[in-house]
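Here the structure is laid out as structure tokens; the discussion comes afterwards.
Chains as they are written, first to last, in the numbering used here: chain L, 107 to 334; chain H, 36 to 248.
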């Protein structure tokens, strides 16, 4: 027995369903025969699995995520990168630099210095939440200039839109380059400050109203499309 | 009750019960330093309770006191069992509660607000916690004492109760004063009823943030 409708807003402690044939997914726990919500979010039912798409919460790194981070420390053989959320990530030299590096003779800050913003990929997360990053892959690089804004990581799918439609719309209508990290950090660079501000405002609107429908049209209108 | 009132916090709530008014803000989960405080098995919860200097008729000296440190601990114990902190090893969740107007029952209002703020921050939890004080004033069992009732000339008994909403389990119970066994049972029943009313209000406040009635 499932008591909630899909896309319904649920809050912690709410009984979502009852019965051993339902499987508790993300954001839910089983308590006896009942399935209980543990976070604020939208209920989501797929087959027998009942899960919650959270609306708030810290970033939870997973292997394969492409994230944006800031170098906060340089160690002997790598960098410590802040990727938002409760845990710092580790970027070892071997995953960051293509050429051979003599660790005794090289100052690592010539590759990435404190405060540098980077696009990196999460390659592993251990049970005790040691996060490892890699710079090997297309599009993974140091970010020069631009602005970084931070939103809740769970709203990233809405910012990107179905098949990248929303982010494509913002990019085209504001004439900016945008990179969205899975951790909710978004890098925006345009040739004019005005364009960047426009894009930032659009993204914040999406974050605030991510649980409502008809968002694409609203953003279109906001960015000055008269046809809708 | 209202959530999301402090923009810089990850989660926040304001709770006004009569003339007792508190703001709770939650920061985290975030990395915990110094490292020796970290628990590799689960995250930890830290609570800070503070009364603002203008919250009481006579100015309170700012800063932590013996009383506020104790209430912080009571709050932590009342809330920790509902949180699923196993998902955040080595991290910490900070809860700051500021009482900006006090008229008895501040610790109960603080627990109610803190639980709401934690939910708003997206910290996973089994259920919300609500708290209220019951007591005996002049031979009568009453709910949610005011300062005047607490200072009743015949003496008053004050019993703060914190309850997990759905299951009705009690996570905090204190007693200041004298009461008989039968009266205590009656008081607890009344307290539980009060907590369930607060629980419903908490749920409404959380949903109201997203425009749901």
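Using N, Cα and C, we set each Cβ at its ideal position, and we do this for glycine too.
These figures come from a predicted structure and were not determined experimentally.
Alpha-carbon spacing of residue i relative to residue j, whole angstroms
i	j	result
residue 95(H)	residue 159(H)	35 Å
residue 174(L)	residue 131(L)	27 Å
residue 64(H)	residue 111(H)	15 Å
residue 140(H)	residue 181(H)	7 Å
residue 157(H)	residue 46(H)	8 Å
residue 62(H)	residue 107(L)	36 Å
residue 144(L)	residue 239(H)	16 Å
residue 220(H)	residue 202(H)	18 Å
residue 54(H)	residue 134(H)	11 Å
residue 230(L)	residue 236(L)	8 Å
residue 198(H)	residue 68(H)	32 Å
residue 102(H)	residue 166(L)	37 Å
residue 234(L)	residue 74(H)	10 Å
residue 133(L)	residue 203(L)	38 Å
residue 136(H)	residue 58(H)	10 Å
residue 91(H)	residue 236(H)	26 Å
residue 241(L)	residue 279(L)	30 Å
residue 215(H)	residue 174(H)	11 Å
residue 168(L)	residue 282(L)	28 Å
residue 215(L)	residue 200(L)	15 Å
residue 193(H)	residue 43(H)	36 Å
residue 176(H)	residue 205(H)	19 Å
residue 119(H)	residue 76(H)	12 Å
Residues bridged to residue i (per DSSP)
i	result
residue 149(L)	158(L)
residue 83(H)	131(H)
residue 167(L)	DSSP output for residue 167(L) lists no bridge partner at all.
residue 296(L)	282(L)
residue 141(L)	123(L), 136(L)
residue 136(H)	56(H)
residue 48(H)	38(H), 59(H)
residue 191(H)	172(H)
Same chain, Cβ closer than 6 Å to residue i, five either side skipped, listed in chain order
i	result
residue 171(L)	228, 288
residue 261(L)	313, 316
residue 197(L)	184, 185, 187, 239
residue 106(H)	84, 142
residue 209(H)	195
Beta-carbon proximity list for residue i, same chain, < 8 Å, skipping 5 on both sides
i	result
residue 322(L)	267, 271, 272, 275
residue 146(L)	115, 116, 117, 118, 160, 161, 162
residue 325(L)	272, 275, 276, 308, 311, 312
residue 301(L)	280, 281, 282
residue 109(L)	121, 122, 123, 124
Does the segment 224 to 231 of chain H come close enough to the segment 161 to 170 of chain H to have 3 or more Cβ pairs within less than 8 Å? yes
Measuring CB atoms only, is the segment 132 to 152 of chain H touching the segment 38 to 53 of chain H, in the sense that at least three cross pairs come out at less than 8 Å? yes
Tell me, please, whether the segment 180 to 200 of chain H touches the segment 96 to 104 of chain H by the rule of three or more beta-carbon pairs shorter than 8 Å. no
Could you name each continuous beta strand (DSSP E) segment of 3 residues or more that falls completely within the segment 241 to 281 of chain L, going from the start of the chain to the end? When DSSP assignments are scanned along the segment 241 to 281 of chain L, the uninterrupted stretches of beta strand (DSSP E) that are 3 or more residues long and fall wholly within it turn out to be 253 to 256.
Is the segment 109 to 129 of chain H in contact with the segment 78 to 89 of chain H, if contact means three or more CB pairs nearer than 8 Å? Cβ pair count under 8 Å is three or more, so yes.
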